[in-house]
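I have placed the structure first, in the form of structure tokens, so that the comments after it can refer back to it.
Protein chains: 2
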Amino acid sequence: MRVSELAVETDISVATIKYYLRAGLLHEGRRTAPRQADYDAGHVSRLRLIRALLGPGGLSVAAAGKVLEQLDEPTESAHDLLGIAAHAAAALPKPSTSHPRADALLEKWGWSVDPEDHDARSRLEQALQGLEDAGFEPPEGFLEMYASAMREVAAREVEEVPQSSPAEALRYVMLGTVLVEPLLLALRRLAHQDASARIFARQASPWPNAERTPE
Amino acid sequence: MRVSELAVETDISVATIKYYLRAGLLHEGRRTAPRQADYDAGHVSRLRLIRALLGPGGLSVAAAGKVLEQLDEPTESAHDLLGIAAHAAAALPKPSTSHPRADALLEKWGWSVDPEDHDARSRLEQALQGLEDAGFEPPEGFLEMYASAMREVAAREVEEVPQSSPAEALRYVMLGTVLVEPLLLALRRLAHQDASARIFARQASPWPNAERTPE
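What follows is the structure, given as structure tokens:
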């Protein structure tokens, strides 16, 4: 199909498709004339993947490029697949080698993390720093509650890593890391509404002593 | 203190502080001369909050402005606090009123969500669409596993909403929504490493039949 048909099929504009071609995210079509190329179903599914990484995945074009590069040429070694995935998907501005609070928590909880991988620990450090900067202290025991919820989720996820081939495993880990994040956050926001409805429905107002504005 | 001292105190450049002043995120200092103003501890803590929202919170300047506006002038009504928080913190490009998969799941799970609030359901719809676009199907039962983990977390969070005043509650809900998100994601990535170390440490390679590259 021509690029205009590819645009209709994927609902992505011709200009955007050409941008992905120039940025190397999408492979060139088969040249049929000096200014014309032929695209196939492979281009359609690649564009869907690009859109998923840039949209719900929340990656920059550069970060999406790294993820796609890894998916295209997966390492043969099974070693450190998770590390590669986490690095390639990283969008953190400046990973730091100093993350004292993160280190202290991980040691307290007895979590085994790669001492050479500073990215995930920097993210945790920045998140903790953000809470402190905002003067927001989670209630007693909440850090542990969050850690334990994520530990259960992650254990189930890692158990299901496909062991058929490194390429399959890498695809699962990278897309599972990047694309499941917006899913979890959306579910948490909806779960807030559900919990709020269940808990506050029993009371006329959660603040019985606060003056209410007439509706 | 002068703006240059405020910059040293907060480790934020004078140019950035002036940008926040112009954007209305930071309140003006007390004017002491035509081109000079005096800043106090209130400006320091406000700048820390701004930095937390823009950095770990991942908000745009416009979205941070909305959150701060709500925190500055909280609604008197306790009604729909969670909805206000979710909306103000929203960074979703185009919330849609059509989210059939999200609706179907919520109905199946029996979650009570605000029928007028399309933001969180649009997020869920986009996340599900992203998984499909990428050709990534979570293993059997995983959607329910994610939902149940987030439901437990959210129920604990909503139970702890401070009931002393609407302003306090709003602060807790808004900052808890925005600033806890990067915390959860960082913990999930670290938990992947921990689970991977525990599960794969028992095997020489998770892919016994795959050829390994020499290190």
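For the protein sequence lines, the chains are A and B, in the order given.
First residue of the first sequence? That's 1 in this note's numbering, and the numbers climb one at a time after it.
First residue of the second sequence? That's 1001 in this note's numbering, and the numbers climb one at a time after it.
Using N, Cα and C, we set each Cβ at its ideal position, and we do this for glycine too.
All of these numbers come straight from a predicted model, not from anything done at the bench.
Contact of L106 of chain A with chain B by beta-carbon distance below 9 Å involves L1190, D1194. At a cut-off of 8 Å, the C-beta of G29 of chain A has no neighbouring C-beta in chain B. Of A:K108, A:P115, A:L106, the smallest CA-CA separation from T97 of chain A is found for A:P115. With a cutoff of 8 Å on beta-carbon distance, F1142 of chain B and L175 of chain A are scored as not near each other.
For D1038 of chain B, the secondary structure class from DSSP, reduced to helix, strand or coil, is strand. Taking a contact as a CB-CB distance under 8 Å, the pair L1124 of chain B and H1099 of chain B counts as one, their CB atoms being some 7 Å apart.
Interface residue (Cβ-Cβ distance to chain B less than 8 Å): I199 of chain A is classified as such.
By the C-beta density criterion, V113 of chain A is buried, having at least 16 other C-beta atoms within 10 angstroms. G1176, T1177, L1179, V1180, E1181, P1182, L1183, L1184, L1185, A1186, L1187, R1188: these are the residues of the region 1176-1188 of chain B whose beta carbon lies less than 8 Å from some beta carbon of chain A, given in chain order. Using beta-carbon distances, P100 of chain A does not count as an interface residue toward chain B, since no partner is under 8 Å. Think of a sphere of 9 Å around the beta carbon of D1040 of chain B: no beta carbon from chain A falls inside it, the nearest being about 16 Å out. Taking the Cβ atoms as the reference, I1017 of chain B lies roughly 14 Å from L1049 of chain B, outside the contact range of under 8 Å. In the three-state reduction of the DSSP assignment, A134 of chain A falls in the coil class. Under the three-state reduction of DSSP, A1155 of chain B is assigned to helix. Under the DSSP assignment, A104 of chain A falls in the alpha helix (DSSP H) whose first and last residues are 100-109. If you look at T10 of chain A, you'll find it in the alpha helix (DSSP H) that goes 3-10.
According to the DSSP assignment, A62 of chain A belongs to the alpha helix (DSSP H) that extends over 61-72.
When the Cα atoms are used, L59 of chain A and E107 of chain A turn out to be separated by approximately 30 Å. Residues of chain A with a Cβ closer than 7 Å to the Cβ of P1139 of chain B are, in chain order, E160.
In the three-state reduction of the DSSP assignment, A149 of chain A falls in the helix class, which pools H, G and I.
Annotation: Cβ neighbours of L1049 of chain B in chain A (cutoff 8 Å, chain order): D133, A134, G135. Residue range 14-22 is occupied by the alpha helix (DSSP H) that includes T16 of chain A.
The Cβ of L1006 of chain B sits no closer than 8 Å to any Cβ of chain A. The criterion of a C-beta distance shorter than 8 Å is not satisfied by L179 of chain A and Q70 of chain A.
Under the 10 Å beta carbon count, G29 of chain A is surrounded by 16 or more other beta carbons and is classified as buried. Straight through space, the alpha carbons of R121 of chain A and D103 of chain A are spaced by roughly 7 Å. Proximity of chain B to R46 of chain A at the Cβ level (cut-off 8 Å) is not reached, the minimal Cβ distance being about 10 Å. In the displayed model, T1177 of chain B falls within a helix according to three-state DSSP. Approximately 5 Å separates the beta-carbon atoms of A127 of chain A and A1186 of chain B; this is inside 8 Å, confirming the contact. Non-local beta-carbon contacts of L1053 of chain B in its own chain, meaning distances under 7 Å to residues more than five positions away in sequence, involve L1059, A1064, V1067, V1178 in chain order. Taking the Cβ atoms as the reference, I1012 of chain B lies roughly 44 Å from E159 of chain A, outside the contact range of under 8 Å.
At a cut-off of 8 Å between beta-carbon atoms, S96 of chain A makes no contact with chain B. With contacts defined as CB atoms closer than 8 Å, V1153 of chain B and M145 of chain A qualify as a contacting pair.
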